[in-house]
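Trainee: When we follow my numbering, the leftmost residue of the sequence shown carries the number 402, and every step to the right adds one. No residue lacks a Cβ here, since even glycine has one placed at the ideal position from N, Cα and C. Computed from a predicted structure; not experimentally measured.
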Amino acid sequence: MICVSIADVSIEEACNIASRAEICEIRLDRLNFEESHLPELFGCGNTVATFRPCKKADDELRMKTLARAIECGATYVDVEVENSDSFKKYIKDCASTHKCKTIVSYHDYEKTPSMRELELLINWCFDSGADIAKIACFNSSYCDAARILSLYSFDRPIISIGMGEAGKITRVAAILLGAPFTYASIDEGKGTAPGQIDSVTLTKIIDLIRGSNGK
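1. My guess is that residue 537 and residue 527 are in contact by the Cβ rule of under 8 angstroms, so how many angstroms apart are they, rounded?
2. Would you mind stating whether residue 486 and residue 452 have Cβ atoms separated by less than 9 angstroms?
3. I'd like to know if the segment 465 to 480 and the segment 497 to 507 are in contact, where contact means that at least 3 CB-CB pairs between them fall below 8 angstroms.
4. With a threshold of 16 other CB atoms inside 10 Å of the CB of residue 463, please say whether the residue is buried or exposed.
5. Return the chain-ordered list of same chain residues with a C-beta closer than 6 angstroms to the C-beta of residue 565, the five sequence neighbours on each side being excluded.
6. If I follow the unbroken beta strand (DSSP E) through residue 535, where does it start and stop?
7. Just to confirm the assignment, what range does the beta strand (DSSP E) spanning residue 366 have?
8. In chain order, what residues of the same chain have a beta carbon less than 8 angstroms from the beta carbon of residue 607, not counting five sequence neighbours either side?
9. Which whole-angstrom value describes the C-beta separation of residue 489 and residue 480, a residue pair presumed to lie in contact below a C-beta threshold of 8 angstroms?
10. When the Cα of residue 571 is compared with those of 552, 414 and 546, which residue comes out closest?
11. For residue 609, count the other beta carbons within 10 Å of its own beta carbon; 16 or more makes it buried, fewer makes it exposed. Which is it?
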């Protein structure tokens, strides 16, 4: 599946996109929303509730908002592995109660760690209660991208993607190597991360690689 990341749009537009997408990530840190909007945002289709650390919300507000998003029907919830153990446990418990899967994520916007460091990060995510571990790192070269893609050798649910121009290949390969989904932008130039490909283009590339028979 291709997960469309929704950010920097009106609530009306966000809901419209969410109702049409196969799955979408609702970036609460980049939407102007009220709590009353959450049932509409997370009640229509498959959604990932994401609320990255930001100036407009402290950890307490982020935690309570993510919990409410889960109650409103989020399919997945994304929490950063660096969050406190109490934060992660609270969200994990809430998600388990409502049959929502927990994505525990790690982001490095500057570099790609060594293979050993990446393996430790994957283990940290799962030790933190992840149903799915997500690793997203900036790739300065195709060697970095290859290291990111090698994480799919883990026999566990993983989303491993590279950011930046060199990382674009990982966004295509992710879905072919067993990731439950890969991330795409709404339109060209509207990505929520460096190197994110728009959903229309990404769909065409994946279809071309798979061939018309869908293999």
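Mentor: Well, looking at it:
1. Contact doesn't hold; Cβ gap of about 16 angstroms is too wide.
2. no
3. yes
4. buried
5. 539, 540, 595 and 596
6. 533 to 539
7. Residue coverage of the chain in this structure runs from 402 to 616, which leaves residue 366 outside it and unanswerable.
8. 403, 573, 576 and 577
9. 6 angstroms
10. 546
11. exposed
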